[in-house]
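Visitor: I'd like to ask some things about the structure below.
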Amino acid sequence: MATIIPLADVDPAMIDDLLDAAFEPERRGRTAYKVREGTTWLEGLSFAALDENELLAGTIQCWPVALTDPDGRDHPMIMVGPVAVLPGLQSKGFGQALMTAALTAIDPRAPLPQVMIGDPEYYGRFFNFTADHTGGWALPGPFDPRRLLCRTANPAVLPRDGTLGPWRR
Numbered sequence: 012m013a014t015i016i017p018l019a020d021v022d023p024a025m026i027d028d029l030l031d032a033a034f035e036p037e038r039r040g041r042t043a044y045k046v047r048e049g050t051t052w053l054e055g056l057s058f059a060a061l062d063e064n065e066l067l068a069g070t071i072q073c074w075p076v077a078l079t080d081p082d083g084r085d086h087p088m089i090m091v092g093p094v095a096v097l098p099g100l101q102s103k104g105f106g107q108a109l110m111t112a113a114l115t116a117i118d119p120r121a122p123l124p125q126v127m128i129g130d131p132e133y134y135g136r137f138f139n140f141t142a143d144h145t146g147g148w149a150l151p152g153p154f155d156p157r158r159l160l161c162r163t164a165n166p167a168v169l170p171r172d173g174t175l176g177p178w179r180r
């Protein structure tokens, strides 16, 4: 099925072409891009999927972001996505393989909460993402609150309110 390789091993132009094919060039105006603006994807958590012919089929990128609480304290998180698969190869397991690779690569000794904008039925069912703890969170642009999802082993560490944006470390 899919061969998973580090995304850093893929030509950046090929990544952009795949993202354009999966989401259209207008993708750059989406709120998710504003959340991670000015940051660089995390190489150790970002992957590419190759098909049986060793051609690029999909990618996943993870980003350093933070939820800034009302007191101005930053709570670092990992933003998962985009998860992108070429339109003709969707529903063949590439996205699920990419998600599994990224989430498995997170250090279990100190896992940061993971956040994403996505389909709650799919990402909840397969990867335990939920909108249960994100109701008081704001983003730097329009979004469907039902699709703002978080995954963490310890929900008690999550601020109830805050604004999600780039983690400036």
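Anchor point for the sequence shown: position 124 equals 135 in my numbering, and the numbering is continuous, going up by one each time. The beta carbon of each residue, even a glycine, is placed where N, CA and C say it ideally should be. Being a predicted model, the structure only gives us computed values, none of them experimental.
Output the residue ranges of the alpha helix (DSSP H) runs that lie fully inside the segment 41-117 and measure 4 residues or longer, sorted by chain position.
Guide: 42-46 and 105-116
Visitor: Would you kindly report the start and end of the unbroken alpha helix (DSSP H) that includes Gly135?
Guide: In the sequence shown, the residue the question calls residue 135 occupies position 124. Pro131 to Phe138 is the extent of the alpha helix (DSSP H) around Gly135.
Visitor: On the CB-based measure, 16 or more other CB atoms within 10 Å of its CB, does Gly176 come out buried or exposed?
Guide: Counted from its first residue, the sequence shown places residue 176 at position 165. Label assigned to Gly176: buried.
Visitor: Using CA coordinates, which residue listed in Leu30, Lys45 and Gly55 is at the minimum distance from Pro187?
Guide: Residue numbering for the chain in the displayed model covers 12 to 180; residue 187 lies beyond these limits and cannot be assessed.
Visitor: Which class does Ala33 belong to by DSSP, given the choice of helix, strand or coil?
Guide: Numbered from its first residue, the sequence shown carries residue 33 at position 22. It is helical.
Visitor: By the DSSP assignment, the beta strand (DSSP E) with Val126 in it spans what residues?
Guide: Here residue 126 is taken as the residue at index 115 of the sequence shown, counted from 1. Its beta strand (DSSP E) spans residues Gln125 to Ile128.
Visitor: Going by DSSP, name the residue or residues bridged to Ala149.
Guide: Taking the sequence shown and counting its residues from 1, one reaches residue 149 at position 138. Partner(s): Thr174.
Visitor: Can you tell which of Ser102, Pro119 and Met88 has the C-alpha that lies nearest to the C-alpha of Leu160?
Guide: Taking the first residue of the sequence shown as 1, we reach residue 160 at position 149. Cα-wise, what sits closest to Leu160 is Met88.
Visitor: Let me confirm a value: Gly146 is counted as buried when at least 16 other C-beta atoms fall within 10 Å, else exposed. Which label applies?
Guide: Sequence index remark: in the sequence shown, residue 146 carries index 135 (1-based). Exposed, because fewer than 16 other Cβ atoms sit within 10 Å of the Cβ of Gly146.
Visitor: Is it buried or exposed for Ser102, if we count other Cβ within 10 angstroms and need 16 for buried?
Guide: Taking the sequence shown and counting its residues from 1, the one referred to as residue 102 is at position 91. Burial call: exposed.
Visitor: Nearest-angstrom Cα distance between Trp52 and Gln72?
Guide: As a working note, residue 52 is residue 41 in the sequence shown. As a working note, residue 72 is residue 61 in the sequence shown. Their Cα atoms are separated by approximately 6 Å.
Visitor: Quick one: what's Pro17 bridged to in DSSP?
Guide: Within the sequence shown, the letter at position 6 stands for residue 17. Answer is Phe58, bridged to Pro17.
Visitor: So what's Arg39 in DSSP terms, helix, strand or just coil?
Guide: Locating residue 39 in the sequence shown gives position 28, counting from the first residue. Here Arg39 sits in helix by DSSP.
Visitor: Suppose the cutoff is 6 Å on Cβ atoms and the five residues either side in sequence are ignored; what does the same chain contact list for Ala149 look like?
Guide: Locating residue 149 in the sequence shown gives position 138, where the first residue counts as 1. Only Thr174 meet the Cβ criterion.
Visitor: Give the DSSP bridge partners of Arg162, in chain order.
Guide: Position 151 of the sequence shown, counted from the first residue, corresponds to residue 162. Answer is Gln125.
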